[in-house]
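Single-structure report; data block below.
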Amino acid sequence: MCAHSAARIAVIRFLDVHKSYRVDGRDIPALQPFNLDIMDGEVFGIIGHSGAGKSTLLRLINLLERPSGGRILIGDTEMTALPEPALRAQRRRIGMIFQHFNLLASQTVADNVAFPLRLAGERDTAKIRARVAELLERVGLTEHAAKYPAQLSGGQKQRVGIARALANRPQILLCDEATSALDPQTTAQVLDLLAAINRELKLTIVLITHEMDVVRRICDRVAVLDAGRIVERGTVADVFLHPQHATTRRFVNEALPEEAASVQAPLAQVAGRVLRLTFRGATTLSPVLSRVMRESGVDFNLLAGRIDRIKELPYGQLILALEGANADAALAALREAGIEIEELPR
Amino acid sequence: MNPLHTLSPNIDDWGELGRACLDTLLMLGGALALTVAIGLPLGVLLYLTGRGQLRAMPKLYGVASLVVNVLRSVPFIILMIVLMPVTYVLVGTKLGVRGAIPPLVIGAAPFFARLVETALREVQQGVIEAAQAMGASTWQIVRHVLLPEARAGIAAGITVTAIALVGYTAMGGAIGSGGLGDLAYRYGYLSYKSDYMVVTVVLLVLLVLLVQLLQMLGDRIVARYKRQ
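Chains as they are written, first to last, in our numbering: chain A, 34 to 379; chain B, 1080 to 1307.
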């Protein structure tokens, strides 16, 4: 949860990296030059609309896409300087899962999970069998070992994908829109599994998505990508609760559609100052608001609000109109209690 | 009195017919085995060197593709005659089963290679990307991803090629390669013994049915693997 603490070390470093594609003799930029550090053990989200460059950014990590310039480091290894065989060896230590699962249709679940082990040169069938059993148990698919992918549901296929990605005990897991093809309930289960893996195996996870909800549920930090540029980055709580860039706001509003709609309507009719109050962590659960309002004698009119969680952090956001002479004192008292306040334009 | 003789008064040597049948089977079997042995790697090469593929080499692909298209579009009966000197160098004769096999293979392998290329292109790009992400080499991708994933398409390609080869072997009869085509041409057409024609056509249809039976068995096996 405190993934941004200074003690953590960066496992993935992008140094001045940029990427453009050559189309019909012209260079079309996909990613503008950027620097980015992804820390050991965190879940890092990259959010953007399709075409923003997030898929390219993710593939730069295992060099499925080569950068047009700059350096990419995994730990101390400069990926961009590796010859082909050494690069292949590095890739075995980076797991990857996909939107459309990309399983081998001609192989059973067990053989799909064993595939990366065999690719890595493991010949000992007893060892392979034991590792596959362990992985299938971890993702809850033990009884489906002998089935073929076509016989599984989407969620089960993604679990096979996760088991396969973990087979060679990677230190990094890349998730390419891993839940975009799944229904909401299955999405939640897969995200829970990813969160558990991150927690228990201390695995660094980098995921790309176009859904703010995915970021809110499991990410520690997030970068917002817009037209090949990282326009905003930070802890998920900061970015989600106080979005700065227009693109970020759109994503947040997509995640909170009822709030976005409900604030607009009554704004014209209410009197007083319209404020957005943000509660994080413990303050969400204590009756700060009612105490301050009672003591200062200020009236408030509640326009919209929600209480939810960002990963494990509870938060609340309320939009209200304040009326009364003591409004400033009340706001000061609220700030004192750790509540973040923004005045909304009318 | 032999009842077969009443039905087909002109056929007095059934043994000859049996040997012709065996010759056709030998030509078919030998040519098919070599066609697969040469066409499969050629198909993989075409696939790998194609635009945007794992080992894209536009120039090599262009040349290979041109050769394949030329060999594929020359009518087989002409290809056979043109190739006679090559056939002589390769197997020491232009006649018989041995003389028939080189032109059969040279005619069918490019055709089969195209079918293999098409079957490989049906393999999802994402599965190949997944294998790359796991650190697979190109050879490992060919061996463990492309060929197994495309095996239904490749099996269908072998059947189509086998049936085309039945047709080619019959044409070979016109220039002395023996087999059922040779009998049908010499006796049935040149000597007006139409019962020969009927019997060889029946035998060739049986041969094609045999090939299709093999395909059905192959499909069953593939279906058992995949259970889609």
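Idealized CB from N, CA, C, for every residue including glycine.
query, result
"Any chance the stretch 327-336 of chain A sits against the stretch 302-309 of chain A, with 3 or more Cβ pairs inside 8 Å?", "yes"
"If you follow the alpha helix (DSSP H) that B:K1138 is in, where does it begin and where does it stop?", "1137-1152"
"Show which residues of chain B have a CB atom less than 7 Å away from the CB atom of A:V82.", "The displayed chain sequence assigns His, not Val, to residue 82 of chain A. The premise fails here: A:H82 is roughly 21 Å from chain B at the closest Cβ pair, so nothing lies under 7 Å."
"Take B:L1124 and list the residues in its own chain whose beta-carbon comes closer than 7 Å to its own, dropping the five residues that flank it on each side.", "A1143"
"Just curious, the alpha helix (DSSP H) that B:R1222 is in, first and last residue?", "Looking at the DSSP string, B:R1222 is not in any alpha helix (DSSP H), and its letter there is neither H nor E."
"Tell me the DSSP secondary structure of A:M129 in three-state form.", "strand"
"Excluding sequence positions up to five away, which residues of its chain have a Cβ less than 7 Å from the Cβ of B:L1105?", "V1176"
"When you compare only the Cα positions, how much space is there between A:D259 and A:G86?", "8 Å"
"Would you say A:F77 faces chain B, with C-beta separation under 8 Å as the test?", "no"
"Tell me whether B:Q1291 is buried or exposed, calling it buried when 16 or more other Cβ atoms sit within 10 Å of its Cβ.", "exposed"
"Using beta carbons (cut-off 8 Å, strictly below), is B:E1036 in contact with chain A?", "Since the first and last residues shown for chain B are 1080 and 1307, residue 1036 of chain B lies out of range."
"Near A:H51, what residues of its chain come up, given a Cβ to Cβ distance below 8 Å and the 5 sequence neighbours on each side ignored?", "P62, L64, Q65, P66, F67, P100, S101, G102, G103"
"If you reduce the DSSP assignment to three classes, tell me which class A:D109 lands in.", "coil"
"When you check each C-beta in the stretch 1210-1224 of chain B against every C-beta of chain A, which residues fall closer than 9 Å?", "A1210, Q1211, A1212, M1213, G1214, A1215, S1216, Q1219, H1223, V1224"
"Taking buried to mean at least 16 other C-beta atoms within 10 Å of its own C-beta, is A:Q132 buried or exposed?", "buried"
"Given a limit of 8 Å on CB to CB distance, which residues of the stretch 141-167 of chain A reach chain B?", "F148, P149, R151, L152, A153"
"Relative to the alpha-carbon of A:L168, which residue among A:G187, A:R197, A:G188 has its alpha-carbon at the smallest distance?", "A:R197"
"Indicate the three-state DSSP secondary structure (helix, strand or coil) for A:H177 in the structure shown.", "helix"
"List the endpoints of the continuous alpha helix (DSSP H) containing A:N231.", "217-234"
"Name the one or two DSSP bridge partners that A:G338 has.", "A:L351"
"Restricting to runs no shorter than 4 residues, where is the alpha helix (DSSP H) found entirely within the stretch 53-94 of chain A?", "87-94"
"I need the DSSP call for A:C208, collapsed to helix, strand or coil.", "strand"
"Under 7 Å: does the beta carbon of A:R339 sit that close to some heavy atom of the ligand MG?", "Ligands in the displayed structure: none, and consequently the ligand MG is not present."
"Rounded C-beta distance between B:G1251 and B:A1188? I'm assuming under 8 Å.", "B:G1251 to B:A1188, Cβ: 16 Å. No contact."
"Does B:I1300 get closer than 8 Å to chain A when you measure Cβ to Cβ?", "no"
"Using C-beta distances below 8 Å, list every residue in its chain close to B:E1095, excluding the 5 sequence neighbours before and after it, in chain order.", "L1262"
"Between A:A39 and the rest of its own chain, which residues show a CB-CB distance below 8 Å, the 5 nearest in sequence each way excluded?", "Bear in mind that the predicted position of A:A39 carries a pLDDT of just 47, short of 50, making it unreliable; the figure below should be weighed with that in mind. Answer for A:A39: no residue qualifies."
"Looking at C-alpha atoms only, which residue of A:T317, A:R254, A:L227 is the closest neighbour of A:Y348?", "A:T317"
"Closest Cβ-Cβ distance between A:H133 and chain E: below 8 Å?", "Reference to chain E is not applicable here, since the protein chains of this structure are A and B."
"When you compare only the Cα positions, how much space is there between A:I251 and A:R309?", "25 Å"
"Hey, would you say A:L274 sits closer than 8 Å to A:Q350, going by beta carbons?", "yes"
"Quick check: is the beta carbon of A:A179 nearer than 8 Å to any beta carbon in chain B?", "no"
"Decide yes or no for the touch test of the stretch 1231-1249 of chain B against the stretch 159-179 of chain A: beta carbon pairs closer than 8 Å, at least 3 of them.", "no"
"Let's see if you can read the secondary structure: which residues bound the alpha helix (DSSP H) around A:V142?", "142-152"
"Hey, is A:R121's beta-carbon within less than 8 Å of any beta-carbon in chain B?", "yes"
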